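So the sequence shown is numbered by our numbering: it starts at 11 and just counts up by one.
For each residue, glycine too, the CB sits at the ideal point set by N, CA and C.
Remember, it's a predicted structure, so these values are computed and weren't measured experimentally.
Okay, structure first, notes after.
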Amino acid sequence: MSEDFLFAWKERIADYQRQVREGKTAIEQPTLFDLPQTTWHTADEIDPFSLPRHPSDFYRRPDIEPPDDSNQGCLYFQIDHVSNIVLYVGETKLSTRRRWLGSHDCKDYVLSYIELHRRYDLDVAVNASFWYHRKFWV
């Protein structure tokens, strides 16, 4: 991938995601079935950019405690905070560290993304953020 192509791709993704966050693009997720609500939260309540940041290689670093090791499900986000792009969204039922220790396509994707930026000497800061499936009482 050329540097120009990478730059243009990131601009398109960042612009689209920014429009969605600002409510300028209507997003409709249809469903084929009338499903019961299975969570206490809606997708609009989750802001990946406001979640605590963790190094993208947190799973390899014993000095970094996993955000939560309770084995409850969580959504995880890989975000380039330089470009303000959500690169990857995933979900796990395992503890975050156990999920990431094994083979994982997202790890390869993030490493390739970072490597491409290093090749062209471009700034990049990929971090992991986690949102746990908890019910928060007010």
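About 6 Å separates the CB atoms of Ala-24 and Asn-94; that is less than 8 Å, so the two are in contact.
Under the three-state reduction of DSSP, Pro-65 is assigned to strand.
Counting along the chain, Phe-17 sits inside the alpha helix (DSSP H) bounded by residues 13-31.
Ile-89 is positioned such that its CB atom lies closer than 9 Å to that of Phe-59. Pairing Ala-135 with His-64 gives a Cβ-Cβ distance that is not under 9 Å. Bounds of the beta strand (DSSP E) holding Tyr-142 are 136-142.
Taking the CA atoms as reference points, Phe-140 sits about 32 Å from Ser-12. At the C-beta level, Tyr-130 and Leu-16 come within 9 Å of one another.
The Cβ atoms of Tyr-98 and Cys-84 do not sit closer than 9 Å to each other. Straight-line spacing of the CA atoms in Tyr-123 and Glu-21 works out to 15 Å. Following the DSSP letters along the chain, one finds Glu-101 inside the beta strand (DSSP E) bounded by residues 95-102. According to the DSSP secondary-structure assignment, Ile-89 is paired through a beta bridge with Val-96 and Asn-137. Straight across, the Cα-Cα distance linking Pro-62 with Ala-138 is about 8 Å.
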